[in-house]
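Single-structure report; data block below.
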Amino acid sequence: MSWEEDLQGREPPPSLETLIVPRVRDLGDGFHVRRALPSARRRMVGPFIFLDQMGPADFDPGRGLDVRPHPHIGLSTVTYLFQGEILHRDSLGFVQPIRPGAVNWMTAGQGIAHSERTGPDTRAAGGRLFGIQAWVALPKQHEEVAPAFVHHPADTLPVIDGEGVHLTVIAGQVHGGKSPVRAHSDLFYADAKLEAGSRLKLSAEYEERGLYLVEGTLEVEGTRFQPGELLVFKPGSEIILKAESSARMMLLGGEPMDGPRYLFWNFVSSSKERLEAAKADWKEGRFAPVPKETEFIPLPPDDPPAPVRYP
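No gaps in the numbering here: position 83 of the sequence shown is 83 in full-length UniProt numbering, and each next residue is one more.
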């Protein structure tokens, strides 16, 4: 099926390069994800190589998220919540609750392991979990940096308000706001909320630009889009986004990567050989452990890593 067929009879806007409609995957216990990146239609948008919508999922008291320790190399993970809480633990010793509007930016570099769980107090009470997790591939010169973790509370992120638009700059620079999050590449990532009837201009500042619609209905050049759709735009033109109803979306992108990336499980690299080394390191227990964790996710079956090319 071509991406035009996913438009289901809608006229493709002139600025639209492709449309990705991710399927819902059930990870168990009623927890669903929509994986927009990577896709067969588009593997990356700028340095963004992975984009998952988590939930919304409602947990009964005593139940919650339990992602056991697992490894990463060659990327930064970005966790951003709309509702709920996740307790992050990593092999550097950081323990950090992630709450709505805050940013956890974990740079794997040469290698890190972490777990993502519902904390004990939140688990006891039950509740909703809803958010986005993205991975940002590291440029070649930074692929092997030392692992690092930073947390930025919601009140430290720049907010642009006005004319029915509320935009939080998560990373990079956009609409005059610059995030305190330190990224290794030229990118932008923002959470934009639009009131019904309001408009937002997406400038042509970056070559690669995408929009993931989380909630509401959005019109782009006369064509209507629904939640769960990732729009990737052609470079070079300014785009006007109009909210038909109140809407929420993630804006993301940046400059093209410095070459293709290979992706296997949670590992990203410009080198197949480096992926093989990371797989062996996890299998043989050579990653630093996550303190106070006794479980782990084993290495999955060994499929050949596919190159993730741009665009």
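Even for Gly, the Cβ is constructed at its ideal location relative to N, Cα and C. No experiment lies behind these values; they were computed from the predicted model shown.
Within this structure, are the beta carbons of residue i and residue j separated by less than 9 Å?
i, j, result
"Pro-22", "Ala-40", "no"
"residue 352", "Phe-287", "Lying before the first or after the last residue shown, residue 352 is absent from the chain, which here runs from 1 to 311."
"Ala-192", "His-166", "yes"
"Leu-51", "Ala-134", "yes"
"Thr-77", "Gly-131", "no"
"Ala-278", "Phe-296", "no"
"Leu-241", "Arg-199", "yes"
"Ala-247", "Gly-216", "yes"
"Val-98", "Arg-274", "Correcting the residue identity first, residue 98 is Ile in this sequence and not Val. Not closer than 9 Å, so no."
"Ala-204", "Pro-147", "no"
"Val-232", "Val-181", "no"
Which residue from the options puts its Cα closest to that of residue i?
i, options, result
"Ser-237", "Gly-162, His-70, Glu-17", "Glu-17"
"Ala-280", "Phe-296, Pro-289, Ser-270, Asp-302", "Asp-302"
"Thr-294", "Ile-73, Ile-20, Ala-57, Ser-115", "Ser-115"
"His-70", "Lys-292, Pro-291, Trp-282", "Trp-282"
"Phe-82", "Arg-63, Asp-258, Glu-144, Ala-102", "Ala-102"
"Gln-226", "Glu-207, Glu-244, Pro-260", "Glu-244"
"Gly-172", "Gly-253, Asp-6, Arg-68", "Gly-253"
"Val-136", "Ala-57, Arg-43, Asp-90", "Arg-43"
"Arg-128", "Leu-213, Gly-84, Glu-207, Thr-223", "Gly-84"
"Lys-140", "Arg-10, Leu-65, Pro-256, Lys-201", "Pro-256"
"Pro-260", "Lys-272, Gly-222, Val-150, Asp-26", "Lys-272"
"Pro-120", "Pro-100, Phe-31, Ile-86", "Ile-86"
"Val-159", "Gly-177, Val-145, Glu-144", "Gly-177"
"Ile-20", "Gly-64, Leu-299, Leu-211, Ser-270", "Leu-211"
Pull up the DSSP beta-bridge partners for residue i, would you.
i, result
"Arg-199", "Lys-242"
"His-72", "Ile-112"
"Asp-52", "Arg-35, Gln-133"
"Asp-161", "His-166"
"Gln-96", "His-88"
Should residue i be labelled buried (16 or more other beta-carbon atoms within 10 Å of its own) or exposed?
i, result
"Gly-93", "exposed"
"Pro-38", "buried"
"Arg-224", "exposed"
"Gln-53", "buried"
"Asp-90", "buried"
"Val-95", "exposed"
"Arg-209", "buried"
Next on the checklist: My parser needs the alpha helix (DSSP H) runs of 4 or more residues fully inside the UniProt domain "Pirin C-terminal" (189–287); what are they?
Outcome noted: Qualifying alpha helix (DSSP H) stretches, in chain order: 272–283.
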